[in-house]
Amino acid sequence: MDKDLKNKTLSELEDIVENFGQKRYLAKYIFTFIHCRDAGRISNITTLSKDFRALLAEQDYYISHLNTVRTFSDPDGTIKYLFELADGLRIETVLMTDGKRKTLCVSTQAGCTMNCAFCATAKLGFQRKLTAAEIADQLNIIRKDRGKINNVVYMGMGEPLQNYSAVIKSVRILNHPQGKNIGLRHLTISTCGIADGIRKLADEDIHPRLAISLNAPTDALRSKIMPVNKKYPISALMEAVKYYQRKTQQRVTFEYVLIKGFNDSALHAQMLSRLAHKAKCNINLIEYNPYAPGSFEASSKETIKRFVQILEGAGIETTIRYKKGRKIKAACGQLGADMHT
Ligand code: SF4
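Numbering (the working numbering), first residue to last: 373 to 713.
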């Protein structure tokens, strides 16, 4: 049985507390001390009696924590953290600052199975899924170092919907008013297109924002860079997105990494706009970030401009995400680039 108190929702903590014959409200003290006051040990939770703290420790309950191995700072203000997990595996987390707004890009797995061709994490292979505690702790540590974080995006290493239960549990933990109290509108799960996971998410009682890494407007093209497309082709993905929108009334974001000569022509933009009209959505265009010599190349500024004009001309709300953190390999698709074995 998992005895990590950081890996529990408040209602799970209430059950644990009750099983010790204690009042359920004491769980709030544990939850708040862990997630708001950075209690690293049970003995730090001074609002619990000494006897109860001793009893929890005797029964092997503990509070896990990530170790910060190193931080990297980009001149553009982006900061990357390299964390070590309890079993020695490593993950990366990125803090991006835009004016007063701080957005944290968290990892959900060590490595990834999805094998997207434009992504450095894919080259690490798959190591394991993170626990909800390990996901939430990325925020705990960086917030303690760098102050309030406004948005959390699940876009770091790993495919969030392949670690579904830990990811949704971490959303519950981060969203809870007794904890970090981050609104669901400020929590975004980004998937490479696991259609079944999108449907499952739609059926939950809480709905963070949803982003989908699309990257090509046709199956033939998408399958070349995203093997997930063979299992969930674009039609299946769009049906899942429509289902999500019926259940949540939410607009979704499609992410599209622009790769020179591959998916950045005027025709691609027109096909993408037709696809986008099938859902309530906006599009984030992302400049491709090379992570190794010989990988793809980024589209030129002129090509990107033309692409945006076509989308906007078709009435699609479009944003360009310019390269951030590129010098420290913290940009989209670059995580893990320095960790290849
Ligand atoms: S882009 Fe995301 S889903 Fe694809 S290989 Fe990289 S981490 Fe995995």
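Even glycine gets a Cβ: it sits at the ideal position worked out from N, Cα and C.
Taking 6 Å as the cut-off, is the CB of residue i close to at least one heavy atom of the ligand SF4?
| i | result |
| --- | --- |
| MET711 | no |
| GLU430 | no |
| GLU390 | no |
| THR493 | yes |
| CYS564 | yes |
| GLU464 | no |
| GLU506 | no |
| THR486 | Checking the sequence shown, residue 486 turns out to be Met, not Thr. Answer for MET486: yes, Cβ within range of the ligand SF4. |
| GLU627 | no |
| GLU659 | no |
| GLU456 | no |
| GLU674 | no |
| GLU386 | no |
| GLU531 | yes |
With 16 as the cutoff for other CB atoms within 10 Å, does residue i come out buried or exposed?
| i | result |
| --- | --- |
| GLY551 | buried |
| PRO580 | buried |
| TYR536 | buried |
| LYS472 | exposed |
| ASP470 | exposed |
| LEU385 | buried |
| VAL441 | exposed |
| LEU639 | exposed |
| LEU633 | One point to set straight first is that residue 633 is Gly, not Leu, in the sequence displayed. When all chains shown are included, GLY633 counts as exposed. |
| SER607 | exposed |
| THR480 | buried |
| PRO532 | buried |
| MET373 | exposed |
| GLU669 | exposed |
Would DSSP call residue i helix, strand or coil?
| i | result |
| --- | --- |
| GLU669 | coil |
| THR450 | coil |
| THR440 | strand |
| GLU659 | strand |
| THR713 | With a pLDDT of only 44 at THR713, under 50, the local geometry of the prediction cannot be trusted, and no value is derived from it. |
| ILE693 | It is Arg, not Ile, that sits at residue 693 in the sequence shown. Correct three-state label for ARG693: strand. |
| PHE634 | coil |
| PHE490 | coil |
| PHE455 | strand |
| SER537 | helix |
| SER730 | Any question about residue 730 goes unanswered here, given that the chain covers just 373 to 713. |
| TYR401 | helix |
| GLY412 | coil |
| LYS516 | helix |
| ALA426 | helix |
| PRO698 | Note that residue 698 corresponds to Arg in the displayed sequence, not to Pro. In the structure shown, ARG698 sits in a helix (DSSP, three-state: H, G or I). |
| LEU496 | helix |
| PHE679 | helix |
| GLN394 | coil |
| ILE688 | coil |
| GLN706 | coil |
| GLU386 | helix |
| GLU531 | coil |
Using the DSSP secondary-structure output, state which residues sit across from residue i in a beta bridge.
| i | result |
| --- | --- |
| CYS477 | VAL466 and VAL525 |
| LYS501 | GLN481 |
| CYS653 | VAL624 |
| TYR434 | ASP376 |
| SER445 | ILE451 |
Could you confirm whether any beta carbon from chain C is found closer than 7 Å to the beta carbon of residue i?
| i | result |
| --- | --- |
| LEU657 | You won't find chain C in this structure, because it holds only one protein chain. |
Which full runs of the beta strand (DSSP E) of 3+ residues lie inside the segment 575-631, going along the chain? 581-585 and 624-630
Enumerated in chain order, which unbroken segments of the alpha helix (DSSP H) with a length of 4 residues or greater are wholly contained in the segment 539-581? 567-574
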